[in-house]
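Asker: Residue numbers (our numbering), protein chains in the order written: chain A, 2 to 397; chain B, 2 to 397; chain C, 2 to 397; chain D, 2 to 397. Glycine included, every Cβ here is placed at the ideal spot set by N, Cα and C. Supplied in structure tokens, the structure appears directly below.
Protein chains: 4
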Amino acid sequence: MDFSLSSKSEDLRKRVGTFMDQHVYAAEKDVLSHERADSHEEHPVMKEIRKKAKAEGLWNLFLPDKEFGAGLTNHEYAPLCELMGRSPLGARAFNCMAPDTGNMEILAEYGSKDQKDRWLKKCLDGEIRTCFSMTEPDTPGSDPTQLKTRAVRQGDYYVINGHKWFTSGAIGAAFAIAMVVTDPDAEPHRRASQIIVPTDTPGFNLIRPVPVMGHVGGGGHCEIIYKDCKVPITALLGGEGDGFAISQARLGPGRIHHCMRTIGIAERALELMCKRANTRWTHGSLLADKANIQEWIADSRIEIDSTRLMVMNAAWKMDTLGKKEARKEISMIKVMAANMVMRVLDRAIQLYGAAGVSDDYPIARFWRESRALRIADGPDEVHRQTIARRELRAWK
Amino acid sequence: MDFSLSSKSEDLRKRVGTFMDQHVYAAEKDVLSHERADSHEEHPVMKEIRKKAKAEGLWNLFLPDKEFGAGLTNHEYAPLCELMGRSPLGARAFNCMAPDTGNMEILAEYGSKDQKDRWLKKCLDGEIRTCFSMTEPDTPGSDPTQLKTRAVRQGDYYVINGHKWFTSGAIGAAFAIAMVVTDPDAEPHRRASQIIVPTDTPGFNLIRPVPVMGHVGGGGHCEIIYKDCKVPITALLGGEGDGFAISQARLGPGRIHHCMRTIGIAERALELMCKRANTRWTHGSLLADKANIQEWIADSRIEIDSTRLMVMNAAWKMDTLGKKEARKEISMIKVMAANMVMRVLDRAIQLYGAAGVSDDYPIARFWRESRALRIADGPDEVHRQTIARRELRAWK
Amino acid sequence: MDFSLSSKSEDLRKRVGTFMDQHVYAAEKDVLSHERADSHEEHPVMKEIRKKAKAEGLWNLFLPDKEFGAGLTNHEYAPLCELMGRSPLGARAFNCMAPDTGNMEILAEYGSKDQKDRWLKKCLDGEIRTCFSMTEPDTPGSDPTQLKTRAVRQGDYYVINGHKWFTSGAIGAAFAIAMVVTDPDAEPHRRASQIIVPTDTPGFNLIRPVPVMGHVGGGGHCEIIYKDCKVPITALLGGEGDGFAISQARLGPGRIHHCMRTIGIAERALELMCKRANTRWTHGSLLADKANIQEWIADSRIEIDSTRLMVMNAAWKMDTLGKKEARKEISMIKVMAANMVMRVLDRAIQLYGAAGVSDDYPIARFWRESRALRIADGPDEVHRQTIARRELRAWK
Amino acid sequence: MDFSLSSKSEDLRKRVGTFMDQHVYAAEKDVLSHERADSHEEHPVMKEIRKKAKAEGLWNLFLPDKEFGAGLTNHEYAPLCELMGRSPLGARAFNCMAPDTGNMEILAEYGSKDQKDRWLKKCLDGEIRTCFSMTEPDTPGSDPTQLKTRAVRQGDYYVINGHKWFTSGAIGAAFAIAMVVTDPDAEPHRRASQIIVPTDTPGFNLIRPVPVMGHVGGGGHCEIIYKDCKVPITALLGGEGDGFAISQARLGPGRIHHCMRTIGIAERALELMCKRANTRWTHGSLLADKANIQEWIADSRIEIDSTRLMVMNAAWKMDTLGKKEARKEISMIKVMAANMVMRVLDRAIQLYGAAGVSDDYPIARFWRESRALRIADGPDEVHRQTIARRELRAWK
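Structure (structure tokens):
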């Protein structure tokens with residue numbers, strides 16, 4: 002048993018941390034206030050930061066593939082991912098932002114040579130953005146057997162019809178990877194396939210960015226209606242019916258990333274809490290000296306550290322035993338991290354008072370944006386069911 | 002002991018309920034999406050609704066003063082206030098929106114004849130909007146002894162200098178009632194006074210609407226710098242040093258209103274939860290038939306009903322024994338309602354999944370806007386301290 | 002709306018309170034330490050107290066029947082019941098202890114003249130103790146359709162066979178009222194009947210007091226095997242198949258009583274918390290001055306007061322609209338009170354430190370004995386289901 | 002980073018597990034029901050088990066000292082300790098029970114040759130039991146500067162006077178290690194010393210086993226009055242003034258042990274929950290298929306696994322960086338484990354219904370006995386303060 006990081010990971014952690022300190026935090030105010038203006042264009046400051054990160058080799062660190070990426074295991078990348086999560090700009094600065102990371106991963110793993118040449122390289126170079134089109138308004142995302150969007154084979158084409166939403170980042174994206182039913186009569190987990198759909202394909206109708214927590218900025222969480230949207234069969238990722246398996250493959254690392262970024266958010270919030278508590282004087286003492294505030298801080302530290310250990314353990318298990326073996330662990334961290342961050346952020350808001358609900362600090366933004374984490378990639382309830390069933394089975 | 006409403010209250014409850022059903026809910030989508038456009042101008046639909054409510058005599062129901070208002074006691078008005086809270090448009094529809102209600106109340110109670118003629122009547126008629134300028138960025142709002150903004154008497158004028166924020170609704174308001182220190186050497190609770198400051202007074206510098214949860218729309222939660230802002234001494238409300246006492250006077254009923262509106266929000270959320278649970282099918286059954294969903298609904302019902310009884314009891318105690326006697330009860334409902342609503346809304350979001358964080362339902366809006374309730378008018382922690390001290394004193 | 006008590010109720014409240022102060026609390030140490038010795042004999046001090054209470058007319062106050070009892074409505078009796086709950090000796094002191102109260106109620110309501118003469122009068126006089134034999138080890142108590150114990154008619158007798166446990170107070174009881182299946186083929190809620198079984202009937206085999214939280218003292222929570230236990234048909238309470246209906250009739254008021262006693266326990270705990278906090282000095286200040294301790298006290302006050310209002314409201318609704326109309330309210334208070342008291346007691350234990358888990362104070366006893374309240378008379382989960390279903394039905 | 006156990010630890014884990022399965026669980030009913038009879042004599046079955054464990058070399062595994070014990074590091078011993086915690090008999094079976102473990106550890110580390118010869122060997126051989134006499138009724142145990150019991154040097158003797166309680170296991174113990182003030186004028190952390198006091202020393206007055214949760218059995222949690230209790234100066238452990246330092250030395254590993262045993266308790270409870278859920282049918286389905294029960298199981302698994310990782314990490318840090326460096330981690334696991342186990346046990350009780358509060362399963366016993374863990378060795382509140390202060394200091 003050894004809880005220390007590998008020297009490779011430790012070294013990159015320092016470099017990423019230094020880069021965040023030097024370039025990222027300072028740019029937040031500028032970049033984030035600009036984002037409010039409902040634009041999906043990249044802020045020039047952000048462009049500059051990305052150029053620097055790329056130049057320093059702090060780029061595509063998420064990608065385990067040695068040819069295309071940094072070749073780090075999940076548990077080696079995890080601590081870097083945490084650091085990136087500390088700022089709303091972090092992941093993008095290092096070209097490690099969802100959903101592009103997942104798209105790049107599956108292109109690297111399942112993409113044909115042609116698909117890699119046409120799409121993957123531009124993603125890796127940071128030239129294009131992408132989106133992932135799975136969630137549907139009328140079917141529960143956590144129950145893949147209910148998926149409705151259809152792709153019907155017609156000669157050398159698939160014709161796609163269906164209704165999606167929460168296709169995040171669709172505005173400005175070069176292509177979507179769409180999860181569609183290719184064979185409704187197959188057994189449930191072989192019904193769906195994943196297909197690359199360039200966003201300029203006729204019939205890819207971007208209806209609107211769904212306002213989320215009142216916001217519609219950036220690439221949006223978009224509602225899309227596929228109406229006789231025709232793509233060549235070479236756009237199929239992997240084989241027909243592989244959609245669910247590819248989803249699982251992307252979800253494992255994706256959830257590790259999400260969880261670690263979430264831990265980064267919580268660490269940032271805890272830092273902000275401590276700084277405020279050390280300086281704010283009310284009712285006769287510093288906040289730092291009040292027993293209830295101390296409990297918020299102590300509980301936050303406990304919850305963050307225990308979540309991190311769980312995520313690291315899940316990553317390590319995934320790296321050493323495989324994604325399938327780590328399924329329970331991944332469900333556990335999904336539930337744990339998404340709930341933990343909301344508790345920590347809630348305390349941070351309360352500690353900051355009026356300033357806590359304002360956007361003068363990143364706390365309120367983190368809070369309203371993180372709420373979706375308990376829903377996305379499977380709601381708490383579905384993951385808890387997964388965990389319980391495995392536990393119960395062991396004692397049958 | 003009798004838990005039934007008076008016939009007067011019961012009758013108005015039906016009329017307000019019917020009005021909400023006929024006019025208010027249906028207007029939400031239109032009016033609220035328009036609000037996003039950063040305008041403080043009243044939406045034409047809203048103007049129409051207000052005209053109708055006024056015509057039906059459902060107007061200024063909040064005001065206990067029989068000359069100027071409906072003459073209802075707090076516990077008679079409370080159930081109406083709950084109904085209004087069910088929609089983000091409700092309170093405004095009936096001219097019962099904060100902070101105007103509090104301003105009208107104190108004008109009716111403490112205003113000079115001149116002040117009433119000049120300001121109160123227009124408020125009652127719904128011609129002008131107003132704001133209340135108390136919170137400061139550098140001092141904890143819950144500790145009035147630390148208030149910094151100063152008004153110095155110079156001849157027949159007060160000259161105000163200071164820094165405020167979260168002066169809600171300042172954009173478009175006709176005047177602010179500002180809480181300022183007139184005598185820093187007086188005993189703590191006699192230091193402050195309240196002064197009417199027309200927003201077009203030179204030196205009333207509206208810096209910006211502070212972005213709250215990413216929003217800056219409507220009248221804003223504004224940052225204001227008073228810089229040699231000069232108002233005649235006739236603008237003083239009550240006497241010098243009465244500021245804290247007037248605050249207390251406004252806070253009692255104000256908190257009852259807040260709490261009842263909050264209950265209305267929670268009831269709306271519970272209704273939405275039930276409707277969704279009754280129709281949404283996932284993983285082999287309706288949500289309504291799953292034991293965890295049932296617990297969310299049951300707990301919400303318990304929490305809502307118990308909070309309502311506490312608020313009604315506080316209102317009744319305030320009406321029969323006076324505001325001072327009801328102070329512990331008011332602190333209790335402040336904590337209880339603000340926390341309850343967040344739990345109920347959180348469950349509603351989770352039950353709705355992706356739709357829950359979108360603005361296609363009012364849930365996400367209620368959630369992000371209600372978070373401030375645990376901070377405004379004294380954070381949970383200060384109210385808990387008040388309650389505990391009274392409790393502890395009883396056993397000394 | 003009026004939250005004040007009737008003068009009759011208020012007057013009795015004072016008298017019961019005074020009696021508790023003068024006689025009951027002081028006897029706790031003696032009587033309770035004696036109880037540990039596994040005896041079901043009444044302690045002489047307790048006998049004395051009961052004699053006094055009877056002499057003062059503070060006797061059978063629970064019984065709404067005007068002929069046999071005090072004739073108080075449920076909401077008039079409730080505040081008295083709360084006071085009795087403040088001491089483990091309270092209910093017994095005034096002959097208002099479960100399960101005798103429920104047994105007396107149903108004897109008064111459903112008993113034949115003969116049954117009243119033979120059993121009810123002695124109960125009312127405090128000469129005998131009784132028990133209620135419903136729960137079975139092999140069937141979930143909350144699901145009456147699964148009940149197994151059978152009574153088969155043979156001529157003028159019923160022959161009972163079955164397995165019960167948690168028949169509280171069976172040791173030393175004169176009779177049990179047993180819930181048994183008389184017609185397994187009837188529709189579910191008409192299958193069972195209630196029959197009076199004198200404990201000296203052959204075939205009434207008292208196996209053991211089930212150790213509960215390590216204790217077997219007093220009348221015990223007994224395991225009983227009915228083996229060809231023969232009782233005359235005149236022992237039937239009400240008609241055949243009325244068992245479930247009678248249960249419902251007893252449960253309504255019974256739950257009000259349980260809840261109010263529970264509130265009494267919580268009030269006692271809060272008093273003890275305040276007293277300790279006011280005098281215990283640690284780490285540089287009194288406990289009373291620490292913000293976390295203050296939160297425990299404030300939250301306890303909020304939770305107690307809101308639970309009390311809910312119980313009073315349920316009692317009032319039951320009194321004015323009937324037991325059936327108040328079913329949702331009764332389920333709500335059942336869940337609320339049983340959970341509330343555990344939270345308050347948990348805080349009290351923590352505040353007292355080592356002394357909190359000792360039996361030098363009544364806190365640890367209240368805590369370990371109250372845990373069963375979340376299970377007895379229907380577990381939380383079943384009551385929540387009841388509440389949710391009614392709520393959901395309203396929006397179908 | 003490597004989350005796997007060393008082969009030595011893994012091997013012992015299997016052997017301890019097998020021993021538990023073969024000998025320990027089966028003996029619980031017998032041994033535990035006998036314990037209720039207020040005797041401190043060892044049950045013959047227990048004697049037999051201990052003999053077997055010793056013969057198999059599963060003995061004193063806790064002791065890191067290679068001469069006297071198994072020479073395992075804390076993180077190697079931890080998984081064994083978890084297994085022992087699964088039964089109330091486990092620790093004693095392997096001679097790894099508190100407070101003897103702590104006493105043996107400090108005798109091995111600080112004891113003179115003479116002290117080791119006279120006391121340590123008999124402890125290691127399992128011939129005698131011991132106790133630790135620190136907590137005082139009148140001073141908060143968590144604030145060592147308030148300690149009152151005095152030892153005054155008189156020639157070659159210390160004369161001890163003072164009042165202790167919660168000296169666990171004093172009945173039948175050969176000696177107590179007493180924490181006493183030897184120099185009240187020294188700086189706070191040098192005031193106390195630890196002295197070995199044979200329990201047959203005149204003036205060592207065992208007043209009573211303090212009833213804890215209604216129980217007084219076994220060695221008791223005893224109240225002791227030291228009245229002119231005279232011991233030779235050779236009974237001093239380490240040097241004068243070392244008392245606090247020795248306490249710290251024992252507390253580190255002691256808390257790891259406590260936490261791991263606690264995890265064992267929780268694992269046992271979770272196993273029992275699953276078994277019951279898999280077989281109990283209520284209201285139309287197995288408990289295992291109800292969403293709320295599934296959540297209890299899933300949350301328990303998450304909480305147990307995350308606590309275990311935190312404890313392993315603290316142990317590893319203590320082993321690699323030293324006790325002092327791991328202080329924050331140890332405070333964190335103390336809070337986390339003690340609270341976690343109560344939540345898990347509470348769910349287990351609820352799942353078992355009436356059986357859950359009975360002593361037919363070990364759940365109720367675990368629940369009532371584990372409550373003290375949030376108080377012993379420093380209450381939650383003090384540990385949270387420790388954690389918070391370190392966190393806050395980092396951002397000053």
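(1) From this set, B:Asn61, B:Tyr158, B:Arg269, B:Gly103, which residue's C-alpha is nearest B:Gly127's C-alpha?
(2) Within the segment 34 to 116 of chain D, note down every full beta strand (DSSP E) run reaching 3 residues or more, in order along the chain.
(3) So which residues on chain B does D:Ala292 lean against when the C-beta distance must stay under 7 Å?
(4) DSSP beta-bridge partners for C:Met180?
(5) Mind listing the chain D neighbours of B:Glu304? Cutoff is C-beta to C-beta under 7 Å, in chain order.
(6) Helix, strand or coil, according to DSSP, for B:Asn162 in the structure here?
(7) Please state whether the Cβ-Cβ distance between C:Ser194 and C:Leu237 is less than 8 Å.
(8) Sort B:Tyr158, B:Asp101, B:Thr200 by Cα distance to B:Gly173 and report the nearest one.
(9) Quick check: what's the CA-CA separation for B:Ala152 versus B:Asn162?
(10) Taking the continuous alpha helix (DSSP H) assigned at A:Asp118, which residues delimit it?
(11) From C:Asn104 to C:Asp378, what does the alpha carbon distance come to, in whole angstroms?
(12) At a CB-CB cut-off below 8 Å, which residues of chain D make contact with A:Met337?
(13) Whole angstroms is fine: what's the gap from A:Gly218's alpha carbon to D:His76's?
(14) Leaving aside the five residues before and after C:Tyr78 along the sequence, list all residues of the same chain whose C-beta is less than 7 Å from its C-beta, in chain order.
(15) Return the CA-CA distance between D:Pro254 and D:Ala316, expressed in angstroms with no decimal places.
(16) Report the start-end ranges of each alpha helix (DSSP H) in the segment 217 to 298 of chain B that is 4 residues or longer and not cut off at the edges.
(17) Pop quiz: B:Gly242 and B:Ala177 are said to be a contact at Cβ under 8 Å. What is the actual Cβ separation, rounded to whole angstroms?
(18) Tell me, please, whether the CB atom of B:Ser7 is closer than 8 Å to any CB atom in chain C?
(19) For C:Asp404, which residues does DSSP report across the bridge?
(20) Let's test the definition: count the other Cβ atoms within 10 Å of the Cβ of C:Glu49 and tell me whether it reaches 16, buried, or not, exposed.
(21) Comparing alpha-carbon positions, which option in B:Thr263, B:Leu271, B:Ile376, B:Asn279 lies nearest B:Met98?
(22) By a C-beta neighbour count over all protein chains shown, 10 Å radius and 16 as the cutoff for buried, is B:Lys335 buried or exposed?
(23) Once DSSP output is grouped into helix, strand and coil, what is the label at A:Ile208?
(24) Three Cβ pairs or more, each shorter than 8 Å: is that satisfied between the segment 208 to 223 of chain D and the segment 359 to 368 of chain C?
(25) For chain B, check one thing: does any of its Cβ atoms lie closer than 8 Å to the Cβ of A:Ile298?
(26) Quick check: what's the CA-CA separation for A:Gln116 versus A:Arg348?
(27) Is the beta carbon of A:His44 closer than 8 Å to that of A:His35?
(28) Could you name the residues of the segment 52 to 84 of chain D whose beta carbon sits closer than 9 Å to any beta carbon of chain A, in the order they occur along the chain?
(29) For D:Ala395, report the span of its alpha helix (DSSP H) as first-last.
(30) Give every residue of the same chain whose Cβ lies closer than 7 Å to the Cβ of D:Ile388, excluding the five residues on either side of it in the sequence, and list them in chain order.
(31) List, in order along the chain, the chain D residues whose C-beta lies closer than 8 Å to that of A:Asp3?
(32) Using beta-carbon positions only, say whether D:His284 and C:Gly215 come within less than 8 Å of one another.
Answerer: This is what the structure gives:
(1) Locating residue 127 of chain B in the second sequence gives position 126, where the first residue counts as 1. The residue with the shortest Cα to Cα distance from B:Gly127 is B:Asn61.
(2) none
(3) On the fourth sequence, residue 292 of chain D is found 291 positions in, with the first residue counted as 1. Those within 7 Å of D:Ala292 in chain B are Lys291, Ala292, Asn293.
(4) Residue numbering aside, residue 180 of chain C sits at position 179 when the third sequence is read from its first letter. C:Gln195, per the DSSP bridge assignment.
(5) The residue given as residue 304 of chain B occupies position 303 in the second sequence. Within 7 Å Cβ-Cβ: nothing; B:Glu304 doesn't reach chain D, min ~17 Å.
(6) Start at 1 with the first residue of the second sequence, and residue 162 of chain B comes out as number 161. Three-state result, B:Asn162: strand.
(7) The sequence position of residue 194 of chain C within the third sequence is 193, counting from 1. The sequence position of residue 237 of chain C within the third sequence is 236, counting from 1. Contact flag set, yes.
(8) Residue numbering aside, residue 173 of chain B sits at position 172 when the second sequence is read from its first letter. Comparing Cα-Cα distances from B:Gly173 to each of B:Tyr158, B:Asp101, B:Thr200, the minimum goes to B:Thr200.
(9) To locate residue 152 of chain B, count along the second sequence from 1; it is residue 151. To locate residue 162 of chain B, count along the second sequence from 1; it is residue 161. If I take the Cα positions, the gap works out to 7 Å.
(10) The residue labelled residue 118 of chain A in the question sits at position 117 within the first sequence. Where A:Asp118 is concerned, there is no enclosing alpha helix (DSSP H), given that its DSSP letter is neither H nor E.
(11) Stepping through the third sequence from its first residue, residue 104 of chain C is reached at position 103. Stepping through the third sequence from its first residue, residue 378 of chain C is reached at position 377. Cα-Cα distance, rounded: 15 Å.
(12) Reading the first sequence from its first residue, position 336 is the one you call residue 337 of chain A. Going along chain D in sequence order, the residues near A:Met337 (Cβ under 8 Å) are Ile303, Ser307.
(13) Here residue 218 of chain A corresponds to residue number 217 of the first sequence, with the count starting at 1. Here residue 76 of chain D corresponds to residue number 75 of the fourth sequence, with the count starting at 1. If I take the Cα positions, the gap works out to 50 Å.
(14) Here residue 78 of chain C is taken as the residue at index 77 of the third sequence, counted from 1. The residues are Leu62, Phe63.
(15) The sequence position of residue 254 of chain D within the fourth sequence is 253, counting from 1. The sequence position of residue 316 of chain D within the fourth sequence is 315, counting from 1. In a straight line, the C-alpha of D:Pro254 is about 8 Å away from that of D:Ala316.
(16) 244 to 278
(17) Here the question's residue 242 of chain B lines up with position 241 in the second sequence. Here the question's residue 177 of chain B lines up with position 176 in the second sequence. Between B:Ala177 and B:Gly242 the Cβ distance is about 20 Å, and since that is not below 8 Å, they are no contact.
(18) For the purposes of this step, residue 7 of chain B is taken as the residue at position 6 of the second sequence. So yes, B:Ser7 belongs to the interface.
(19) Summary: the structure shown does not reach residue 404 of chain C, with chain C confined to residues 2 through 397, and so no result is reported for it.
(20) On the third sequence, residue 49 of chain C is found 48 positions in, with the first residue counted as 1. Classification of C:Glu49: exposed, given that the 10 Å Cβ count is below 16.
(21) The residue given as residue 98 of chain B occupies position 97 in the second sequence. That would be B:Thr263, whose Cα lies nearest to the Cα of B:Met98.
(22) Position 334 of the second sequence, counted from the first residue, corresponds to residue 335 of chain B. Looking at its Cβ environment, which holds 16 or more other Cβ atoms inside 10 Å, B:Lys335 is buried.
(23) As a position in the first sequence, residue 208 of chain A is number 207, starting the count at 1. Strand.
(24) yes
(25) Counted from its first residue, the first sequence places residue 298 of chain A at position 297. False, the Cβ-Cβ gap to chain B never drops below 8 Å.
(26) Along the first sequence, read from residue 1 onward, the residue named residue 116 of chain A stands at position 115. Along the first sequence, read from residue 1 onward, the residue named residue 348 of chain A stands at position 347. Straight-line Cα distance between these residues: approximately 46 Å.
(27) For the purposes of this step, residue 35 of chain A is identified with residue 34 of the first sequence, where counting begins at 1. For the purposes of this step, residue 44 of chain A is identified with residue 43 of the first sequence, where counting begins at 1. In this structure, A:His44 lies closer than 8 Å to A:His35 by Cβ.
(28) His76, Glu77
(29) Numbered from 1 along the fourth sequence, position 394 holds the residue referred to as residue 395 of chain D. Element bounds for D:Ala395: n/a, residue is neither H nor E.
(30) Counting from 1 along the fourth sequence, the entry for residue 388 of chain D is found at position 387. Once the five neighbours on either side are set aside, the close Cβ partners of D:Ile388 are Lys329, Ser332, Met333.
(31) Here the question's residue 3 of chain A lines up with position 2 in the first sequence. Simply Met2, Asp3, Trp317.
(32) Residue numbering aside, residue 284 of chain D sits at position 283 when the fourth sequence is read from its first letter. Residue numbering aside, residue 215 of chain C sits at position 214 when the third sequence is read from its first letter. Not in contact: D:His284 and C:Gly215 (Cβ atoms no closer than 8 Å).
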